[in-house]
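One gets the working numbering by counting positions in the sequence shown from 1 and adding 168 to each. Just so it is clear, CB atoms sit at the ideal spot from N, CA and C, and this is done for glycine as well. Just so we're clear, the structure is a prediction, and the values are computed from it rather than from any experiment. Notes follow once the structure below has been shown.
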Amino acid sequence: MIRPTVETVELPPPRYTGAGSGRSADDCVVTVTANLRAQLSRMEAARRQTQHQLDMIDRQITRKMTAIIPLLGKRRSRVQRGRAPDPGAFLDRYRRNLAALTSERQPEIDALARKLARQDAAITVMQARLVENIDVRRDPPAGCSAIYQSELPR
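Right under this line is the structure:
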């Protein structure tokens, strides 16, 4: 079998022209990817902190309601002696107290919920940017050299 001869010419990778750093395009892609990952990690940590604050408010309300329950059961009208207590009255008092405690903290709950929604949206956008950047590394544009497979995220 005759093999055609093909001359292989190696071209140097394109140089990164930004800020005179002298880095190759691959170095820049890796740096951008590392920066995106670090920023995504910080954003996820901030989201966990916001969720923790919401959970803490919920636990505080639950703790207060737990402390109030014994007081709610003791309220009985003296007129109804000899009759069983109305179970609906206890639930009504419980719901009113729960609504009062929740309404005290509602502005804080709403603000944290809005912040959480914004953080979720920002994290989704950042994850999309990271996936796009990784796709560029897997299939580099024309003129860019390929990056090592071992450096790709698993």
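Residue i, DSSP secondary structure in three states
i, result
"Arg210", "helix"
"Ala252", "coil"
"Ile302", "helix"
Contact check, residue i vs residue j, beta carbons under 8 Å
i, j, result
"Leu222", "Arg297", "no"
"Leu284", "Asn265", "no"
"Thr218", "Leu280", "yes"
"Ile225", "Ile277", "yes"
Length of the line joining the Cα atoms of residue i and residue j
i, j, result
"Glu272", "Arg215", "24 Å"
"Thr270", "Glu300", "43 Å"
"Ala213", "Lys232", "29 Å"
"Ser209", "Ala257", "50 Å"
"Arg261", "His220", "29 Å"
"Gln228", "Ala289", "28 Å"
"Ile291", "Gln207", "9 Å"
"Thr234", "Arg263", "13 Å"
"Gln274", "Pro255", "28 Å"
"Pro238", "Ala268", "17 Å"
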